[in-house]
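In terms of my numbering, the sequence shown opens at residue 101 and continues consecutively.
Glycine included, each C-beta is placed from N, C-alpha and C at the ideal position.
Read through the structure below, which is laid out as structure tokens, and then see the notes.
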Amino acid sequence: MASLPPLPSPSFEELVTEGDAVPTEGWDFSWFEGRATEARPSWGYARGMAERLGRASVALDIQTGGGEVLASAPRFPAVTVATEGWPPNVARATALLRPRGALVVASPEDAPLPFGDAVFDLVTSRHPVRAHWSEIARVLTPGGTYFAQHIGPSSVFELIEHFTGPLPEETRSGRHPDRERAEAEAAGLAVVDLRAERLRMEFYDIAAVVHFLKKVVWMVPGFTVDAYMPQLRSLHEQIESEGPFVAHSTRHLFELRRRDGR
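This is how it looks when you write it as structure tokens:
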């Protein structure tokens, strides 16, 4: 029996429409399977977070997204709270975490944390938009721990600058771990551990690029398909002719402790 001819590859327009239609709520990245890859840091943030949650009494997860990373921990402290600022994510995180006994508080990412002083013995965060060091130090108990994975400098800039053009050095060097370390220490936090890694990413089609830029909104602020159609088309043609588009993410791991007598 004759074999069937292969199905035609999706067109540029079809791929862009597909990527544009994928829901962006939460931090579930399973849709990217087979369409994009990103190497993971060697330290295993979720595992380290779970270990510390297992030892904590009162914990706070800042900018929890849809709560997926926090929910991966097998055990929560007796009191577990999470904050999130984007309403769709607040609803998603509440549905996921409330059955586990965690409280989700709607709180804008740039607002002061809506808690008293010295409440939490553990504060965690994965990829906060910005770390508000004075607030983190304020809500930690003396000797309490901040454990987080941050986005580092020039992360995925190969992709970002395809859409924005070259960015100034000040922008490229933002989020540098040395700068964040100095800010944390000035707020009364002592560094227990700080590690940084640069990690390979690959995008296999333009649908993955569209969804990534819509989901991670700070990469190209104001990104829409219509506004960046020429850049999308040129990148699609590059992927079609040369293979996956390669970029590099940067990550750093912080473990900090609030000094007594802050």
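In this structure, residue 180 lies near residue 202, with their beta-carbon atoms less than 8 Å apart. Here residue 197 has 167, 170, 171, 182 and 204 as same chain residues with Cβ atoms under 7 Å from its own Cβ, once five neighbours each way along the sequence are excluded. Of 347, 270 and 220, the smallest CA-CA separation from residue 255 is found for 347. Look at residue 353 here: in three-state DSSP terms it is strand.
Assigned with DSSP and collapsed to three states, residue 250 falls in strand.
Taking 8 Å as the cut-off, the Cβ atoms of residue 125 and residue 226 do not count as close. With contacts defined as CB atoms closer than 8 Å, residue 222 and residue 239 fail to qualify as a contacting pair. With respect to the 8 Å criterion, residue 288 and residue 230 are not classified as neighbours on the basis of their beta carbons. 8 Å or more divides the Cβ of residue 127 from the Cβ of residue 311. Leaving aside the five residues that flank residue 135 on each side, the residues in its chain whose CB is nearer than 7 Å to its CB run, in chain order, 304, 305, 307 and 308.
Per DSSP, the unbroken alpha helix (DSSP H) holding residue 334 starts and ends at 329-342.
Contact between the segment 256-272 and the segment 145-159 is absent: fewer than three C-beta pairs spanning the two stretches fall below 8 Å. Of all alpha-carbon atoms in 220, 209, 174 and 233, the one lying nearest the alpha-carbon of residue 200 is that of 174. By the Cβ criterion, the segment 347-356 is in contact with the segment 291-299, since at least three pairs of Cβ atoms, one from each stretch, lie closer than 8 Å.
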